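Novice: Residue numbers (the working numbering): 15 to 411. Cβ coordinates follow ideal geometry from the N, Cα and C atoms, glycine included. A quick note: this is a predicted structure, and the numbers were derived from the prediction, not measured.
1) Terminal residues of the continuous alpha helix (DSSP H) containing residue 175?
2) Would residue 274 pass as a contact of residue 178 if the rule is Cβ separation under 8 Å?
3) If you follow the alpha helix (DSSP H) that residue 278 is in, where does it begin and where does it stop?
4) Looking at C-alpha atoms only, which residue of 84, 75 and 110 is the closest neighbour of residue 99?
5) Which parts of the segment 53–89 are runs of the beta strand (DSSP E), unbroken and 3 residues or longer, counting only runs that do not cross its ends?
6) Evaluate residue 354 with the Cβ neighbour count: other Cβ atoms within 10 Å of its Cβ, from every protein chain shown; 16 or more gives buried, anything less gives exposed.
7) Tell me where the beta strand (DSSP E) around residue 117 begins and ends.
8) Leaving out five residues before and five after residue 289 in sequence, what residues of the same chain have Cβ atoms less than 6 Å from its Cβ?
9) Using only the alpha-carbon positions, how far apart do residue 200 and residue 137 sit?
10) Would residue 313 be called buried (16 or more neighbouring beta carbons within 10 Å of its own) or exposed?
11) Could you pull the start and end residues of the alpha helix (DSSP H) that residue 165 belongs to?
12) With H, G and I counted as helix, E and B as strand and the rest as coil, what does DSSP make of residue 306?
13) Could you say if the segment 379–386 and the segment 323–330 meet the contact criterion of at least three C-beta pairs nearer than 8 Å?
14) By the DSSP assignment, the beta strand (DSSP E) with residue 31 in it spans what residues?
15) Any heavy atom of the ligand FMN within a distance shorter than 7 Å of the CB on residue 393?
16) Do the CB positions of residue 3 and residue 61 come within less than 8 Å of each other?
17) Mind pulling the beta strand (DSSP E) runs of 3 or more residues that sit fully within the segment 346–372?
18) Would residue 19 and residue 281 qualify as a contact pair, given that the criterion is a beta-carbon distance under 8 Å?
19) Applying the 10 Å Cβ sphere with the 16-neighbour rule, what's the burial state of residue 296?
20) Once DSSP output is grouped into helix, strand and coil, what is the label at residue 312?
21) Cα-Cα, which of 163, 25, 319 and 128 is closest to residue 240?
22) For residue 161, count neighbouring C-beta atoms within 10 Å of its own C-beta (all shown protein chains included) and say buried if the count is 16 or more, exposed if not.
23) Could you check if residue 339 is buried or exposed, using at least 16 other CB atoms within 10 Å of its CB as the buried criterion?
24) Would you call the segment 86–95 in contact with the segment 59–73, where contact means no fewer than 3 C-beta pairs closer than 8 Å?
25) Name the residue from 335, 131, 108 and 41 whose alpha carbon lies nearest to the alpha carbon of residue 147.
26) Can you tell me whether residue 90 is buried or exposed, with buried defined as 16 or more other CB within 10 angstroms of its CB?
27) Please classify residue 191: does DSSP put it in a helix, a strand, or coil?
28) Taking the continuous alpha helix (DSSP H) assigned at residue 399, which residues delimit it?
29) Hey, quick one: how far does the beta strand (DSSP E) through residue 262 stretch, first residue to last?
30) Along the chain, where does the beta strand (DSSP E) containing residue 139 start, and where does it finish?
31) Between residue 342 and residue 393, what straight-line distance do the alpha-carbon atoms span, to the nearest angstrom?
32) Contact check, residue 303 vs residue 358 under 8 Å by CB: the rounded distance?
33) Identify whether residue 325 lies in helix, strand or coil by the three-state DSSP scheme.
34) Would residue 112 and residue 362 qualify as a contact pair, given that the criterion is a beta-carbon distance under 8 Å?
35) Is residue 340 close to chain B, meaning its C-beta is less than 8 Å from at least one C-beta of that chain?
36) Once DSSP output is grouped into helix, strand and coil, what is the label at residue 242?
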């Protein structure tokens with residue numbers, strides 16, 4: 015079975031990166047009705063352009079419309095679904111039954127994917143959504159491979175999508191009110207502040223005893239009692255496909271272009287290698303929390319990341335390649351580097367993983383420099399490989 019690699023895209027630059035590095039489809043959000051309000055997201059014209067661009071490459075765009083709606087949202091939602099259908103969106107990702115109803119009313123031929131936010135955890139729920147006209151269900155992260163296989167056997171006609179990589183939520187598939195309570199931002203309407211990632215304290219308040227705040231300390235750095243590890247299913251993609259999953263989803267509309275390039279490139283190579291490629295080392299090069307398979311392999315009580323919020327990864331993000339040629343490349347600086355540094359190529363091409371030493375660097379006016387420290391400045395540097403626009407340069411730590 016051919017599987018789809020589905021990537022996040024918080025803006026057009028990230029979309030371009032995702033598709034360049036091998037995603038078959040991308041999920042994006044509009045300026046409203048999406049659960050990532052703090053991503054750049056896409057306005058109407060940007061959505062049209064993104065959909066047209068993806069289709070020109072033979073790839074797909076799914077649009078997140080996954081808030082839990084209130085009555086005041088419904089009229090505008092109907093207009094939005096009509097727009098999405100007219101723009102050629104390949105599907106709308108929806109979590110709320112009322113929003114599904116609004117979609118079917120306004121754009122009955124627009125494909126509906128049921129969001130993981132809908133907490134679909136059993137075969138009857140999948141059957142229900144199929145009967146409501148959904149073309150795909152994005153399964154809750156709490157399911158095991160065995161449970162997924164049972165669902166597929168019971169409802170083989172519907173597509174199943176599952177997350178394979180990225181941040182996990184401490185609450186049941188994202189149903190959390192910590193953000194609402196602590197910061198006044200509605201997590202189920204796209205404004206989550208990720209309070210579960212904070213370093214927590216407890217209050218001593220015993221009768222007759224001194225009251226006050228106390229650090230909850232696992233060690234000298236504190237502890238992060240609600241902070242989940244990151245999902246990493248790269249070693250189990252074959253089992254997921256055999257269980258009936260047709261779309262492997264990567265989390266991260268708020269993540270950087272470098273993060274997306276690294277993770278998408280790794281999973282693309284793993285899939286194309288027949289699920290046999292060892293990509294674990296590659297997935298350590300970008301920022302991440304400790305990894306977990308969560309509940310895919312069964313019960314797991316080791317999903318909490320106690321050490322810190324996030325590690326920075328084994329590589330520094332140095333530059334985006336703007337153009338390449340024989341012996342040279344023009345790059346946009348994203349991290350300071352100097353003549354004499356050894357850089358590594360991140361690319362979907364055969365140049366992936368190759369290294370070279372920077373022996374010269376020129377400003378756009380031809381002035382030679384030894385220290386490339388101007389953020390987003392363009393530099394012409396030597397490179398023994400023919401690089402292409404979209405490639406990335408990084409430096410191992």
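Specialist: Result, derived from the coordinates:
1) Against the chain shown, residue 175 aligns to sequence position 161. Taken as a continuous stretch (DSSP letters only), residue 175 belongs to no alpha helix (DSSP H), being part of the beta strand (DSSP E) at 173–180.
2) The residue given as residue 274 occupies position 260 in the chain shown. The residue given as residue 178 occupies position 164 in the chain shown. No, the pair does not count as a contact, with Cβ atoms beyond the cut-off.
3) Within the chain shown, the letter at position 264 stands for residue 278. Residues 271–286.
4) As a first step, residue 99 must be located in the chain shown, where it is residue number 85. Minimum Cα distance to residue 99 is reached at 75.
5) 74–78
6) Locating residue 354 in the chain shown gives position 340, counting from the first residue. Exposed, by the Cβ-count rule.
7) Here residue 117 corresponds to residue number 103 of the chain shown, with the count starting at 1. Premise fails: residue 117 lies in the alpha helix (DSSP H), 111–120, not in any beta strand (DSSP E).
8) Taking the chain shown and counting its residues from 1, one reaches residue 289 at position 275. Within the same chain, residue 289 has close Cβ partners 251 and 252.
9) The residue you call residue 200 lines up with position 186 of the chain shown. The residue you call residue 137 lines up with position 123 of the chain shown. C-alpha separation (whole angstroms): 30 Å.
10) Here residue 313 corresponds to residue number 299 of the chain shown, with the count starting at 1. With fewer than 16 other Cβ atoms within 10 Å, it is exposed.
11) In the chain shown, residue 165 corresponds to position 151, counting from 1. It spans 159–168 - the alpha helix (DSSP H) in which residue 165 sits, taken as one unbroken run.
12) Position 292 of the chain shown holds residue 306. Residue state, collapsed to three classes: strand.
13) no
14) Within the chain shown, residue 31 is the residue found at index 17, counting from 1. Element bounds for residue 31: not the beta strand (DSSP E) but the alpha helix (DSSP H), 26–34.
15) Here there are no bound small molecules, and the ligand FMN is not part of this structure.
16) This structure cannot speak to residue 3, because the chain is shown only from 15 to 411.
17) 356–360 and 369–371
18) For the purposes of this step, residue 19 is identified with residue 5 of the chain shown, where counting begins at 1. For the purposes of this step, residue 281 is identified with residue 267 of the chain shown, where counting begins at 1. Their beta carbons are under 8 Å apart, which means residue 19 touches residue 281 by this criterion.
19) Here residue 296 is taken as the residue at index 282 of the chain shown, counted from 1. With 16 or more Cβ atoms within 10 Å of its Cβ, residue 296 is classed as buried.
20) Taking the chain shown and counting its residues from 1, one reaches residue 312 at position 298. Residue 312: coil per DSSP, three-state reduction.
21) For the purposes of this step, residue 240 is identified with residue 226 of the chain shown, where counting begins at 1. Residue 319 is the option with its Cα nearest to residue 240.
22) The sequence position of residue 161 within the chain shown is 147, counting from 1. Residue 161 is buried by the Cβ-count criterion.
23) Here residue 339 refers to the residue found at position 325 when the chain shown is read from its first residue. Exposed, since its Cβ has fewer than 16 Cβ neighbours within 10 Å.
24) no
25) The count along the chain shown starts at 1 and reaches residue 147 at position 133. It is 108 whose Cα lies nearest to the Cα of residue 147.
26) Here residue 90 corresponds to residue number 76 of the chain shown, with the count starting at 1. By the neighbour-count rule (16 or more Cβ atoms within 10 Å), residue 90 is not buried but exposed.
27) In the chain shown, counting from the first residue as 1, residue 191 sits at position 177. Coil.
28) Counting from one through the chain shown, the residue named residue 399 turns up at place 385. Here residue 399 belongs to no alpha helix (DSSP H), and DSSP marks it neither H nor E.
29) Locating residue 262 in the chain shown gives position 248, where the first residue counts as 1. Here the beta strand (DSSP E) through residue 262 covers 259–264.
30) For the purposes of this step, residue 139 is taken as the residue at position 125 of the chain shown. Looking at the DSSP string, residue 139 is not in any beta strand (DSSP E); the run it does join, the alpha helix (DSSP H), is 137–145.
31) Position 328 of the chain shown, counted from the start, is the residue given in the question as residue 342. Position 379 of the chain shown, counted from the start, is the residue given in the question as residue 393. Going from the Cα of residue 342 to the Cα of residue 393 covers about 10 Å.
32) The residue labelled residue 303 in the question sits at position 289 within the chain shown. The residue labelled residue 358 in the question sits at position 344 within the chain shown. Rounded, the Cβ-Cβ distance is 23 Å, inconsistent with contact.
33) By one-based count along the chain shown, residue 325 stands at place 311. In this structure, residue 325 counts as strand in the three-state DSSP scheme.
34) Residue mapping note: residue 112 aligns to position 98 of the chain shown, counting from 1. Residue mapping note: residue 362 aligns to position 348 of the chain shown, counting from 1. No, the pair does not count as a contact, with Cβ atoms beyond the cut-off.
35) Absent from the structure is chain B; it holds one protein chain and no more.
36) One-based indexing of the chain shown puts residue 242 at position 228. In this structure, residue 242 counts as strand in the three-state DSSP scheme.
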